[in-house]
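A.B. asks:
Protein chains in written order, with the working numbering: chain U, 1 to 286; chain S, 287 to 455.
1. So residue 415 of chain S contacts chain U; which residues on that side make the cut at Cβ distance below 8 Å?
2. Can you tell me which of U:212, U:221, U:18 puts its alpha carbon nearest to the alpha carbon of residue 200 of chain U?
3. Enumerated in chain order, which unbroken segments of the alpha helix (DSSP H) with a length of 4 residues or greater are wholly contained in the stretch 81-126 of chain U?
4. Three or more beta-carbon pairs under 8 Å between the stretch 181-190 of chain U and the stretch 137-151 of chain U, yes or no?
5. Which whole-angstrom value is the C-beta distance of residue 152 of chain U and residue 180 of chain U, which I expect to be below 8 Å?
6. What does residue 302 of chain U reach in chain S if we use C-beta pairs closer than 8 Å?
7. Would you tell me roughly how many angstroms separate the C-alpha atoms of residue 173 of chain U and residue 55 of chain U, rounded to the nearest one?
8. From what residue to what residue does the alpha helix (DSSP H) around residue 248 of chain U run?
9. Check the Cβ of residue 329 of chain S against every Cβ in chain U and list those closer than 7 Å, keeping chain order.
10. Within 10 angstroms of its Cβ, does residue 293 of chain S collect 16 or more other Cβ (buried), or is it exposed?
11. Short check: CB of residue 60 of chain U to CB of residue 295 of chain S, under 8 Å?
12. Measuring CA to CA, which of S:455, S:339, S:291 is closest to residue 396 of chain S?
13. Answer with buried or exposed for residue 412 of chain S, where buried requires no fewer than 16 other C-beta atoms within 10 angstroms of its C-beta.
14. Do residue 160 of chain U and residue 234 of chain U have their C-beta atoms within less than 8 Å of each other?
15. Could you check which residue in U:82, U:29, U:71 has the C-alpha nearest to that of residue 318 of chain S?
16. Which runs of the beta strand (DSSP E), 3 residues or longer, sit entirely within the stretch 135-173 of chain U?
17. Quick check: what's the CA-CA separation for residue 442 of chain S versus residue 383 of chain S?
18. Would you say the stretch 23-38 of chain U touches the stretch 353-369 of chain S, given that touching needs at least three Cβ pairs under 8 Å?
19. What residues in the stretch 294-310 of chain S have a beta carbon less than 7 Å from any beta carbon of chain C?
20. Please report the distance separating the alpha-carbon of residue 325 of chain S from that of residue 220 of chain U.
21. Counting only beta-carbon atoms, is residue 444 of chain S nearer than 8 Å to chain U?
22. Chain U beta carbons: is any one of them nearer than 8 Å to that of residue 418 of chain S?
23. Out of S:330, S:355, S:389, point me to the one whose CA is closest to residue 432 of chain S's CA.
24. Please state whether DSSP places residue 176 of chain U in a helix, a strand or coil.
25. Where does residue 299 of chain S sit, in a helix, a strand or coil, going by DSSP?
26. Rank S:323, S:449, S:349 by C-alpha distance to the C-alpha of residue 333 of chain S and give the top, closest one.
27. So, is residue 150 of chain U buried or exposed, given that buried needs 16 or more other C-beta atoms within 10 angstroms?
28. Does the Cβ of residue 372 of chain S have 16 or more other Cβ atoms within 10 Å, making it buried, or fewer, making it exposed?
29. Going along chain S in order, which residues have a C-beta closer than 7 Å to the C-beta of residue 75 of chain U?
30. Can you give the Cα-Cα distance for residue 3 of chain U and residue 387 of chain S, rounded to whole angstroms?
31. Compare the C-beta of residue 252 of chain U with all C-beta atoms of chain S and state if any pair is closer than 8 Å.
32. Label residue 284 of chain U either buried or exposed according to how many other C-beta atoms from any shown protein chain fall within 10 Å of its C-beta, with 16 as the threshold for buried.
33. Using 10 angstroms around the beta-carbon of residue 344 of chain S, count the other beta-carbons present and answer buried if the total reaches 16, otherwise exposed.
34. Excluding five sequence neighbours on each side, which residues of the same chain lie with their C-beta closer than 8 Å to the C-beta of residue 376 of chain S?
35. Once DSSP output is grouped into helix, strand and coil, what is the label at residue 330 of chain S?
36. Check residue 266 of chain U in the structure and name its three-state DSSP category.
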């Protein structure tokens with residue numbers, strides 16, 4: 001029955017085919033043009049993206065609720081199964097953490113006193129928002145997340161996001177009610193870092209390898225990787241991860257943050273120290 | 287007999303079901319599932335829809351719809367604008383020319399054909415992404431996405447043909 005109807009359609013096809021083919025060619029041309037324009041002028045496509053994200057985020061916000069609920073239920077079941085064992089572990093961890101807390105408080109006081117003596121001004125940034133990740137904006141070459149906050153909530157381009165364990169990424173586009181968070185694993189991500197106890201400066205690239213390590217410097221697996229704050233884009237001394245392998249000039253880093261299971265992120269408000277300005281231009285602006 | 291307004295609405299709704307369904311799948315595929323590695327290798331659901339409907343009901347998945355769906359996908363995934371739109375249109379073009387090969391054949395033939403189309407599409411996506419980013423991108427995530435897309439095609443082909451039988455008619 002259906003076969004016959006399909007044949008009916010194909011009887012008319014030759015008459016409509018020319019028009020359809022022209023439409024198709026025009027659309028292919030248009031898509032190619034968009035691709036080329038996007039490559040040469042990315043501001044235009046970025047603006048379109050932010051505007052669309054503004055529309056999409058409320059929808060995605062609602063749609064992602066069932067997934068969150070399922071996730072929560074699954075976690076609950078697992079928690080219930082392991083509740084006793086986990087309780088023992090937690091007690092042990094708690095005891096150890098209390099020792100660490102005492103140590104940290106003492107060090108913090110000491111550090112503050114030293115900084116006062118040396119007249120150091122530090123800006124480590126402050127968490128001011130904890131938005132929800134409502135959509136995944138990733139593909140084989142892009143690693144990003146959509147957040148349900150935007151300009152209206154005080155989010156600005158360039159702000160930094162962390163999870164409970166470390167740096168996650170940076171806000172690269174903001175709409176009224178949405179923001180795009182570029183993850184550290186994205187191809188285009190570059191973060192100035194410090195590696196190891198000696199704090200060698202380098203750059204963390206998007207494939208989680210370290211680039212531009214000073215010549216002759218040796219790093220070992222286990223070495224801590226922190227943001228350096230160089231360039232004033234990221235706050236200094238944020239934990240990023242640890243070196244896992246260092247072989248054939250390729251140093252790989254295992255991130256502390258877990259971008260696969262990211263449901264909430266902390267957005268940090270960070271204003272870098274004003275850079276040295278050309279006195280003439282700053283005079284002109286007054 | 288003159289068809290009633292309701293009848294028109296009914297046929298209209300049935301006719302846009304394939305496009306609406308693809309749109310819905312596109313939105314769902316962007317939700318944060320929290321499954322490790324899935325986000326970068328999310329199967330190309332729009333590719334499946336473009337292939338299936340171009341073979342079985344090309345009039346219900348016009349090129350303009352594919353263009354818009356592809357554009358939407360580019361916008362939400364953060365990929366180069368126009369890339370998926372171009373790929374879906376090329377698939378539409380190719381499959382439309384060859385649809386008689388697949389019509390009325392067994393599912394295995396259609397699946398095999400989809401494998402070929404997906405391989406070509408993923409290759410074009412990789413190539414265009416390399417051009418866009420001026421960089422030789424690693425093939426691994428693309429290969430993984432291709433395999434996942436082909437592997438779960440039967441599930442969606444089943445869903446689409448059920449929709450075709452039950453709703454589109």
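Here a beta-carbon is modelled for each residue, glycine too, at the ideal position from N, C-alpha and C.
C.D. replies: On the basis of the supplied data:
1. 140, 141
2. U:212
3. 83-118
4. yes
5. Contact doesn't hold; Cβ gap of about 15 Å is too wide.
6. In the structure displayed, chain U extends from 1 to 286; residue 302 of chain U sits before or after that span and is not available.
7. 14 Å
8. Counting along the chain, residue 248 of chain U falls outside any alpha helix (DSSP H), and DSSP gives it neither H nor E.
9. By Cβ distance, chain U contributes nothing, its closest Cβ being about 11 Å from residue 329 of chain S, past 7 Å.
10. exposed
11. no
12. S:339
13. buried
14. yes
15. U:71
16. 144-147, 160-162
17. 23 Å
18. yes
19. In the displayed structure, chain C is absent; the protein chains listed are U and S.
20. 31 Å
21. no
22. yes
23. S:330
24. coil
25. helix
26. S:349
27. buried
28. buried
29. Result: empty, since nearest Cβ-Cβ is about 10 Å, beyond 7 Å.
30. Confidence in residue 3 of chain U is poor, its pLDDT being 45 and thus under 50, which makes the residue's placement too unreliable to answer from.
31. no
32. Because the pLDDT at residue 284 of chain U is just 41, under 50, the model does not fix this residue reliably, and the value given afterwards should be weighed accordingly. The residue in question, residue 284 of chain U, is exposed, as its Cβ has fewer than 16 Cβ neighbours within 10 Å.
33. buried
34. 407, 410
35. coil
36. strand
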